[in-house]
Structure formats: structure tokens, C-alpha cells
Amino acid sequence: MPHRIRVGIIGCGGMARSHASRMSEVLHRVEITAVVDIDLKRARAVAELFPNDPVVAADYRAVLDHVDAVLVVLPHHLHHPVTVGCLDAGKHVLVEKPMANSEQECLEMIEAAQRNDRVLMVAYCMRFHPLVLKFKEVLDEKTFGEVFQLSIWTEQHTQREPESWHCRAGTLGGGQFFSHGCHYVDLMLWMLGRPVKGVHLGTNRGTPWMEKEGTSNVSIEFEDG
Numbered sequence: 002m003p004h005r006i007r008v009g010i011i012g013c014g015g016m017a018r019s020h021a022s023r024m025s026e027v028l029h030r031v032e033i034t035a036v037v038d039i040d041l042k043r044a045r046a047v048a049e050l051f052p053n054d055p056v057v058a059a060d061y062r063a064v065l066d067h068v069d070a071v072l073v074v075l076p077h078h079l080h081h082p083v084t085v086g087c088l089d090a091g092k093h094v095l096v097e098k099p100m101a102n103s104e105q106e107c108l109e110m111i112e113a114a115q116r117n118d119r120v121l122m123v124a125y126c127m128r129f130h131p132l133v134l135k136f137k138e139v140l141d142e143k144t145f146g147e148v149f150q151l152s153i154w155t156e157q158h159t160q161r162e163p164e165s166w167h168c169r170a171g172t173l174g175g176g177q178f179f180s181h182g183c184h185y186v187d188l189m190l191w192m193l194g195r196p197v198k199g200v201h202l203g204t205n206r207g208t209p210w211m212e213k214e215g216t217s218n219v220s221i222e223f224e225d226g
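The sequence shown begins at 2 in this note's numbering and counts up one residue at a time.
Below is the structure:
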């Protein structure tokens with residue numbers, strides 16, 4: 002059997018379980034060798050989803066010798082320190098979206114990947130949806146002519162418990178637009194190129210559990226007008 006990439010999962014909340022449920026499709030190429038969460042009970046529960054008895058730890062630094070790459074599935078404010086720590090340890094990183102909570106943190110993560118010659122990727126999964134891939138192909142081939150406007154509408158009625166990190170701006174990084182809307186900003190950048198200016202109007206009216214916006218209206222202008 003060819004060498005499989007040893008992967009560690011860092012963070013064992015709901016999104017980690019979502020990733021784990023799909024791992025069976027790639028287990029011929031990767032092996033989950035470590036699972037990390039500050040709640041060891043939760044970490045063990047995720048580890049039990051895999052057949053090879055992964056190492057379980059409360060600190061990601063304790064498993065670095067057991068992995069070639071990591072999947073970072075943590076509250077957003079932890080993306081930057083953990084990603085940089087793993088890159089500096091020589092590990093490749095797939096980090097959940099959004100990349101980090103500030104532009105400076107994102108730049109430092111990119112710099113860490115470059116200086117360590119390691120792969121850093123953000124899990125913008127919508128780029129790989131079959132319908133989106135076909136739409137990108139149609140745009141690139143100008144099947145229906147030049148595109149001058151792209152509209153994206155999305156709705157996510159997710160009410161979290163008041164104590165959840167998803168409700169707090171400091172851990173989420175912003176509001177619903179920052180946390181979930183980043184998928185669609187990424188698609189627009191991928192499809193239309195470099196933006197030159199934008200306007201964001203947001204409110205938490207109707208979503209009082211959010212410290213920041215729960216509803217947003219965003220307009221972005223790109224270089225080609």
C-alpha cells in the first residue's frame with residue numbers, strides 16, 4: 002500500500018464530526034493518526050469514529066510527532082495561533098473558514114507557510130460543489146457573454162445557545178456575514194477577480210443572540226467594473 006498522509010484533527014466540535022463523516026472517501030490516501038480537543042471525552046468520541054485507534058490529546062503540540070498534516074477545526078480566534086504553530090512545526094495545514102479574525106493574522110499565516118515551505122489551505126468547500134464548478138466553467142468560457150453582475154443570496158437560520166462561541170464577536174470574528182458569508186465572498190473573488198471597493202450593511206435585528214450582524218447586504222465592485 003502506498004504511503005498515506007498522517008492527519009491530525011484539531012478541535013472536535015460539530016464541524017469536526019462533519020469532516021469525520023466524509024473521511025471514508027479518502028482513507029485510501031490519508032490516515033487519521035491523532036485527534037485533539039481540550040475536552041478529552043469529546044476527543045475520544047471522535048477518535049472512535051476511525052478504525053486505527055488515533056492518538057488522543059488535549060494539546061495539539063503533543064501530537065505533532067504523529068502527523069504530517071492537520072485539519073484545524075477550532076473557534077475562529079484560535080485559527081491563527083494553532084495554524085502558525087503547526088506550520089512552524091513543519092506540518093501542512095487545512096484550516097476551516099474563515100481563515101482568521103484579521104487581515105494581519107491571515108498574512109502571518111501565509112508567511113509561516115512560505116518560510117516553512119508547507120501547504121496552507123482554507124476549507125472553502127463551495128468551490129468544489131459540482132454546480133458551482135459548472136457555473137465557473139460557463140463564466141470562464143463566456144457561454145452567455147460577458148458577466149457584469151453576480152448576485153448571491155443565502156439564508157441560515159441558526160440560533161445558537163447564548164453561551165456559544167458562535168454568538169460572540171471576539172471568538173467568531175464578527176457576525177454571520179464574517180462567519181458564513183465568507184464562502185460567498187470567496188466565490189465572487191474566484192469568479193470575478195480583484196475587488197476595488199465594497200459596502201456592507203448589517204444588523205442583528207431578528208437575530209438578537211448575535212453580538213454582530215445576523216443579516217447583511219453587501220455590494221462589491223471589481224476592477225473590471
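Every residue, glycine too, gets a C-beta built ideally from N, C-alpha and C. Source: prediction; values computed, not measured.
The shortest C-alpha to C-alpha distance from Glu-164 to any of Leu-72, Trp-210 and Ala-58 is the one to Trp-210. DSSP places Arg-161 outside any alpha helix (DSSP H), giving it a letter other than H or E. Taken in chain order, the complete alpha helix (DSSP H) segments of 4 residues or longer contained in the segment 75 to 99 are 80 to 89. Uninterrupted beta strand (DSSP E) stretches at least 3 residues long and entirely within the segment 113 to 191 occur at 121 to 123, given in chain order. About 5 Å separates the beta carbons of Ile-10 and Val-36, which is inside the 8 Å limit, making them a contact pair. Leu-72 and His-20 do touch by the CB rule: their CB atoms are close to 6 Å apart, below 8 Å. With distances taken between CA atoms, Glu-26 lies nearest to Phe-51 out of Phe-223, Tyr-125, Phe-51 and Arg-62. Around the beta-carbon of Asn-102, 16 or more other beta-carbon atoms lie within 10 Å, marking it buried.
Just measuring C-alpha positions, the residue of Arg-116, Glu-109, Phe-129 and Ile-221 sitting nearest Ser-152 is Ile-221. Of the candidates Arg-116, Leu-188 and Gln-160, the residue whose Cα lies closest to the Cα of Ala-90 is Arg-116. Taking a cut-off of 8 Å for Cβ pairs, the segment 107 to 123 and the segment 170 to 177 do not touch, as fewer than three such pairs fall below it. Exposure of Asp-118 is indicated by the presence of fewer than 16 other C-beta atoms within 10 angstroms of its C-beta. Excluding its 5 nearest sequence neighbours in each direction, His-184 has C-beta neighbours in its own chain below 7 Å: Lys-98, Tyr-125 and Met-127, listed in chain order.
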